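**Student:** Below is one structure. I have some questions about it.
Residue numbers (the numbering used here): 65 to 125.
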């Protein structure tokens with residue numbers, strides 16, 4: 065994995081643990097962490113595709 069993919073993977077894990085462990089009292093922190101989690105997850109997949117670690121083969125054998 066590239067360095068950016070590892071970074072976004074770690075960020076996704078941190079945001080997931082934050083949502084799981086933190087008892088929130090207000091609604092806006094939950095929404096902010098969910099947006100950050102979704103963004104880092106999408107950027108992780110994009111970093112994997114750009115780094116050509118995930119190869120897409122449309123031909124089914």
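C-beta: ideal position from N, C-alpha, C; glycine also. Keep in mind the model is a prediction, meaning the values are calculated, not measured.
(1) Have a look at residue 123 and residue 107 and give me their C-alpha separation to the nearest angstrom.
(2) Alpha carbon to alpha carbon, how far is residue 110 from residue 87?
(3) Candidates 103, 112 and 114: which alpha carbon is nearest residue 78's?
(4) So, with DSSP's three-state summary, where would you put residue 74?
**Tutor:** The relevant details are as follows:
(1) 26 Å
(2) 31 Å
(3) 103
(4) helix
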